[in-house]
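So the protein lines, in turn, are chains A and B. Sequential numbering of the first sequence, starting at 1, is according to this note's numbering. Sequential numbering of the second sequence, starting at 1001, is according to this note's numbering. We treat Cβ as the ideally placed atom computed from N, Cα and C, and that holds for glycine. In this text the structure is predicted, and so the values were computed from the model without any measurement. Encoded as structure tokens, the structure appears first; notes follow it.
Number of protein chains: 2
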Amino acid sequence: MTQQVEFWFEFASTYSYPAAMRVEAMARAAGVGLVWRPFLLGPIFGAQGWNDSPFNIYPAKGRYMWRDMARICDAQGLVLKEPLRFPQNGLKAARIAMLATDEGWAGDFVRGVYLANFAGQKDISDEAVLRDLLHALGKDAPDVMTRSNDPANKDRLKVQTQTAIGKGIFGAPSFTVGEELFWGNDRLEQALDWAGKSA
Amino acid sequence: MTQQVEFWFEFASTYSYPAAMRVEAMARAAGVGLVWRPFLLGPIFGAQGWNDSPFNIYPAKGRYMWRDMARICDAQGLVLKEPLRFPQNGLKAARIAMLATDEGWAGDFVRGVYLANFAGQKDISDEAVLRDLLHALGKDAPDVMTRSNDPANKDRLKVQTQTAIGKGIFGAPSFTVGEELFWGNDRLEQALDWAGKSA
Chain A
1 MTQQVEFWFE FASTYSYPAA MRVEAMARAA GVGLVWRPFL LGPIFGAQGW
51 NDSPFNIYPA KGRYMWRDMA RICDAQGLVL KEPLRFPQNG LKAARIAMLA
101 TDEGWAGDFV RGVYLANFAG QKDISDEAVL RDLLHALGKD APDVMTRSND
151 PANKDRLKVQ TQTAIGKGIF GAPSFTVGEE LFWGNDRLEQ ALDWAGKSA
Chain B
1001 MTQQVEFWFE FASTYSYPAA MRVEAMARAA GVGLVWRPFL LGPIFGAQGW
1051 NDSPFNIYPA KGRYMWRDMA RICDAQGLVL KEPLRFPQNG LKAARIAMLA
1101 TDEGWAGDFV RGVYLANFAG QKDISDEAVL RDLLHALGKD APDVMTRSND
1151 PANKDRLKVQ TQTAIGKGIF GAPSFTVGEE LFWGNDRLEQ ALDWAGKSA
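Rendered as structure tokens:
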């Protein structure tokens, strides 16, 4: 049986940032396979009656989150600068991440988007920002942008979000090992342990 | 400077159970003082527009929580049986916990209430259940019950809940070290580290 963890992330999600920055190295160290699973929180939050991040809807929770994130990023040696707008729209980046996953360059692209959002205070919904990231990875940016906007690719992201819902996912980051669900950056170690034991 | 962590808990709160069962031994091992801080989530949730546990309002989150709790309790060697009703009303128990904190028997009482709720499937709003717990601790149960219902004691619990809100607390369990807030059972170790470093 393959030992494998699926990493479910949304580019707007704060706690997905420290998770995304360490998941690949930690999975490799644990000998566990990693599958990148971009998805969208918008439809999931919308179904719960939220039209904004719960960190904005519930201010005490939001204030705590930023302080908690600062401690986490500090411990992990990550720069954290509060985005100029929160949450950002990660739709275009997620569509590109779908392609990157197929083509084996998801890790570098995903980390680049998170750094742009949470360390670089860049607008990740801006195609110029995404093109710059693609160039930096040696990709043909216009070609990738065009393919990411193909209706079939857009649909695949929608299907992946439905798959997330079907697995019981309600927030990001989440990790799945088979049917077992783990929610939150601070469950990464546990998910990798679970994958190791399930092998 | 005193190294001290304040443990903010609500008897209805699931994740407060594994935290309450280990906080005293872990604080002692870390050489960190512990202050028990019972408070009520009802007024805090009510102010957010919730008239029920978010784990009931958001079913996917609730399903995940019970599975996550099962894994946590399993790892910690704790029995977990889903309460017959969730959440339970912990008001009377919290009033007693205010007295127990003053009189130095909070640890045993608090653990007893959590075990009754989450391992024993007992109704912790039932005075007979609370009296049994008090008897088991060698207390004069009728006397404690009477004193817990003194208007001044009731008010102290309300004030403590307002103090929690003032510290930015929005859920349970929470830990504070001075002005620093940590939320969730999985932040206990970090809170103790913080207290140790702040000493």
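- Look at the region 81-107 of chain A: it has no residue with a C-beta under 9 Å from a C-beta of chain B.
- Among the bridge pairs identified by DSSP, B/F1007 is matched with B/W1036, B/F1175.
- Within chain A, the C-beta atoms nearer than 7 Å to that of B/R1063 come from G168, in chain order.
- Here the alpha carbon of B/M1069 sits roughly 24 Å from the alpha carbon of A/T163.
- In the displayed model, A/E180 falls within a strand according to three-state DSSP.
- For B/V1079 against B/G1196, the beta-carbon gap comes to about 31 Å, at or over 8 Å, which does not count as contact.
- Nearest to A/A93 by C-alpha distance, out of A/P54, A/E82, A/L115, A/D74, is A/L115.
- In this model, A/L84 and A/W66 are separated by some 13 Å (Cα to Cα).
- With a threshold of 7 Å between beta carbons, B/D1186 makes contact with chain A.
- Secondary structure remark: continuous alpha helix (DSSP H) runs of at least 4 residues inside the region 87-134 of chain A, in chain order: 91-103, 106-118.
- Contact between the region 1043-1062 of chain B and the region 1120-1134 of chain B is absent: fewer than 3 CB-CB pairs across the two stretches fall below 8 Å.
- Flagged as an interface residue toward chain A: B/A1060, by a C-beta distance shorter than 7 Å.
- By a beta-carbon distance limit of 8 Å, A/W183 contacts A/G171. Their separation comes to about 6 Å.
- Within the model, the alpha-carbon separation for A/N149 versus B/R1022 is close to 52 Å.
- Across the structure, B/D1108 and A/G120 are spaced so that their CA atoms are roughly 50 Å apart.
- Spanning the alpha carbons of A/I57 and B/Q1003 requires a straight line of approximately 34 Å.
- The Cβ neighbour count for B/Q1076, taken over all protein chains shown within 10 Å, is under 16; the residue is labelled exposed.
- Judged by beta-carbon spacing, A/E24 lies beyond the 7 Å limit of A/T176, meaning their Cβ atoms are not closer than that value.
- Secondary structure at B/V1023: helix, using DSSP grouped into helix, strand and coil.
- Closest in C-alpha terms to B/L1091, from the list B/W1194, B/S1125, B/D1186, B/T1161, comes B/S1125.
- Per DSSP, the unbroken alpha helix (DSSP H) holding B/V1159 starts and ends at 1151-1166.
- Contact annotation for A/Q160 against chain B: no contact, minimum CB-CB distance about 17 Å [criterion: below 9 Å].
- Contact check for A/L99 against A/G112 fails: the beta carbons are separated by 7 Å or more.
- Under the three-state reduction of DSSP output, A/A199 falls in the coil class, being neither helix nor strand.
- Interface with chain A (7 Å Cβ-Cβ cutoff): B/W1050 is excluded.
- Identification of residues in the region 1172-1184 of chain B having a C-beta nearer than 7 Å to some C-beta of chain A yields L1181, W1183, given in sequence order.
- Taking the Cα positions, A/I96 is about 22 Å away from A/I169.
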